[in-house]
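Student:
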Amino acid sequence: MAKKTSLRDFQTYLAGRLTSAAQGQGTSSWLGLQAGDVHWLIDLTDTGEIIQAPRLTQVPMTHPWFAGIANIRGNLHAVADFSMFCHGTPTARNNNARLLLVGTRYGSNASLLVSRMLGLKNPEDFTQEATDPAAVPWEAARFSDRQGNIWRKLSIRALLDDNEFMTIGV
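Letter by letter, the sequence shown follows residues 200 to 369 of my numbering.
Structure (structure tokens):
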């Protein structure tokens with residue numbers, strides 16, 4: 200049976216890894232997450248805070264994938280349902296759903312609502328796959344793990360530069 204870790208312990212561990220990565224120490228790591236049925240990898244240096252999905256305020260006249268606005272310690276964050284943005288199913292609002300604050304490093308209060316976090320991943324455990332010519336610009340690469348699962352590498356910078364992502368109004 201897998202060892203259970205509290206969210207607080209995971210956050211503390213992740214914060215330490217983020218600090219080490221920002222200072223150029225330690226090994227390279229990716230954060231794994233699931234959005235709908237798709238597995239994604241994000242460079243640990245591009246990740247922000249991870250919190251349990253909070254209550255959201257709906258915003259009228261926005262795309263269906265725009266989940267709303269979240270008040271995180273007095274700061275408003277735009278929340279995109281990442282699965283829906285990728286043309287998948289809506290993210291279930293359950294105990295596994297998480298909000299990943301991704302824009303802080305780039306001066307944006309953007310965040311992604313995801314189905315669940317899958318933990319830290321070692322790049323050495325993955326094999327790069329052929330690039331999909333139909334892939335969106337913010338899908339930096341595709342990888343497979345040792346079990347044959349396909350993972351997509353998310354470029355946060357490219358996502359925040361994407362006009363479709365930044366245009367929430369219909």
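Just so it is clear, CB atoms sit at the ideal spot from N, CA and C, and this is done for glycine as well.
The structure displayed is predicted, hence computed values, not measured ones.
#1: Should G231 and H238 be called a contact, given that it needs their Cβ atoms to be closer than 8 Å?
#2: Specify, as a first and last residue, the run of the beta strand (DSSP E) that L232 falls within.
#3: Taking buried to mean at least 16 other C-beta atoms within 10 Å of its own C-beta, is V369 buried or exposed?
#4: If you follow the alpha helix (DSSP H) that M316 is part of, which residue opens it and which one closes it?
#5: So, A340 versus Q327, is the Cβ gap smaller than 8 Å?
#6: Which class does E338 belong to by DSSP, given the choice of helix, strand or coil?
#7: With S228 and L312 assumed to form a contact (beta carbons below 8 Å), what rounded beta-carbon distance in angstroms separates them?
#8: Could you pull the DSSP bridge partners for D280 from this structure?
#9: In whole angstroms, what is the alpha-carbon distance linking R297 and N348?
#10: Looking at C-alpha atoms only, which residue of R356, M316 and Y212 is the closest neighbour of G306?
#11: Could you check where the beta strand (DSSP E) with R304 kicks off and where it finishes?
Tutor: Looking at the atomic coordinates:
#1: yes
#2: W229 to A234
#3: exposed
#4: Run containing M316: none in the alpha helix (DSSP H); it sits in the beta strand (DSSP E), R315 to K320.
#5: yes
#6: strand
#7: Not quite, the Cβ-Cβ distance comes to about 23 Å (not below 8 Å), so this is no contact.
#8: L312
#9: 22 Å
#10: R356
#11: That residue, R304, is in no beta strand (DSSP E); it is neither H nor E in DSSP.
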